[in-house]
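Asks: Residue numbers (this note's numbering): 744 to 983.
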Ligand code: ATP
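1. Look at the alpha carbon of residue 852 and the alpha carbon of residue 968, and state the distance between them as a whole number of angstroms.
2. Please name the residue in 885, 912, 778 whose C-alpha comes closest to that of residue 942.
3. Give the straight-line distance between the Cα atoms of residue 744 and residue 966, rounded to the nearest whole angstrom.
4. Considering only the alpha carbon of each residue, which of 925, 904, 867 lies closest to residue 777?
5. Counting beta carbon pairs with one atom in the region 934-953 and one in the region 782-795, are three or more of them shorter than 8 Å?
6. Under 7 Å: does the beta carbon of residue 790 sit that close to some heavy atom of ligand 1?
7. What are the start and end residues of the alpha helix (DSSP H) that includes residue 849?
8. Going by DSSP, what residues sit across from residue 830 in a beta bridge?
9. Hey, which unbroken runs of the alpha helix (DSSP H) at 4 residues or more fall wholly within the region 760-817?
10. Between the region 832-850 and the region 891-906, can you find at least three pairs of beta-carbon atoms closer than 8 Å?
11. Compute the beta-carbon to beta-carbon distance between residue 770 and residue 808, rounded to the nearest angstrom, for a pair I have assumed lies under 8 Å.
12. Which term fits residue 979, buried or exposed, when burial requires 16 or more other beta carbons within 10 angstroms of its beta carbon?
13. From residue 759 to residue 788, what does the alpha carbon distance come to, in whole angstroms?
14. Please determine whether the Cβ atom of residue 953 lies at a distance below 7 Å from any heavy atom of ligand 1.
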């Protein structure tokens, strides 16, 4: 792996991880630089969520290492990886449904280190639908608003690298478009984003590069443009 890349952003170097005795991902090598959106694509059960959990420290590594800006973080607990600048939005969103939108945002606050200093007001500019819902309980929001809140809450931690697990899943097309605008804004601000999705309809709008995982191993890497032209790869590895 190029040492230049590992000094700048997130790098997975031959990462393996799994559950019980079984390995769910093997030898995953992948980088995400600041301002880059990388789509990790693959079918149901391919190993996408496991890859994000391994990066965030929710699963112990069975091999390889994870680096952030060149520092190995593989042995660190989850909160220390957040402290290293990594923000994670899991598939189940994990917002506090009994708290208001504003309280959810406060719950994500972390001291600013090197990232942007997000405040609730700045986040309400980025997510205009959340502003009028500031004092409503998160459990009363629509699925799309809850997804936006989950992302906004993670941004309150001022990450420099975002891990998003199937953010467009179950959302109406108009909400997916709004989410795409947010992702593009964050990219322009220099965040690196690793985005898991099962299909390419959202990722073609926002991603620079694609990596495809199947049965726990990376099978393809290329630009989103290359992937769009490669019918054979899409048919073989993706649900298209
Ligand atoms: P999905 O879109 O369904 O989340 P995915 O690509 O994210 O798919 P993973 O959730 O990473 O896939 O699952 C990879 C493999 O690990 C699958 O075979 C899955 O059954 C297995 N697996 C996932 N979570 C667990 C768990 N908690 N315990 C045991 N095996 C698991």
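Heads up, the beta-carbon is just placed ideally off N, CA and C, and yes, glycines get one too.
None of the values given here were measured: they were computed from a predicted structure.
Replies: The relevant details are as follows:
1. Here residue 852 refers to the residue found at position 109 of the chain shown. Here residue 968 refers to the residue found at position 225 of the chain shown. Answer to the nearest angstrom: the Cα atoms are 37 Å apart.
2. On the chain shown, position 199 is the one that residue 942 refers to. When each option's Cα is compared against that of residue 942, the closest is 912.
3. Counting from 1 along the chain shown, the entry for residue 744 is found at position 1. Counting from 1 along the chain shown, the entry for residue 966 is found at position 223. Model confidence at residue 744 stands at a pLDDT of 49, short of 50, so the residue's coordinates are unreliable; what they give is reported in the following sentence. Distance from the CA of residue 744 to the CA of residue 966, rounded to the nearest whole angstrom, comes to 18 Å.
4. Residue numbering aside, residue 777 sits at position 34 when the chain shown is read from its first letter. Looking at 925, 904, 867, the one whose alpha-carbon comes closest to that of residue 777 is 904.
5. In short, these stretches touch, since the Cβ pair count reaches three.
6. Here residue 790 is taken as the residue at index 47 of the chain shown, counted from 1. Distances from the CB of residue 790 to the heavy atoms of ligand 1 include at least one below 7 Å.
7. As a position in the chain shown, residue 849 is number 106, starting the count at 1. Here the alpha helix (DSSP H) through residue 849 covers 844-850.
8. Here the question's residue 830 lines up with position 87 in the chain shown. The beta-bridge partner set that DSSP reports for residue 830 consists of 905.
9. Unbroken alpha helix (DSSP H) runs of no fewer than 4 residues, entirely contained in the region 760-817, are found at 791-799, following chain order.
10. With the cut-off at 8 Å, the region 891-906 and the region 832-850 touch.
11. One-based indexing of the chain shown puts residue 770 at position 27. One-based indexing of the chain shown puts residue 808 at position 65. Actually they are not in contact, since the Cβ atoms of residue 770 and residue 808 sit about 12 Å apart, beyond 8 Å.
12. Position 236 of the chain shown, counted from the first residue, corresponds to residue 979. Note on residue 979: under 16 other CB atoms within 10 angstroms of its CB, so exposed under the neighbour-count rule.
13. Your numbering for residue 759 matches position 16 in the chain shown. Your numbering for residue 788 matches position 45 in the chain shown. Those two C-alpha atoms are separated by around 15 Å.
14. Residue numbering aside, residue 953 sits at position 210 when the chain shown is read from its first letter. Of the heavy atoms belonging to ligand 1, none sits nearer than 7 Å to the Cβ of residue 953.
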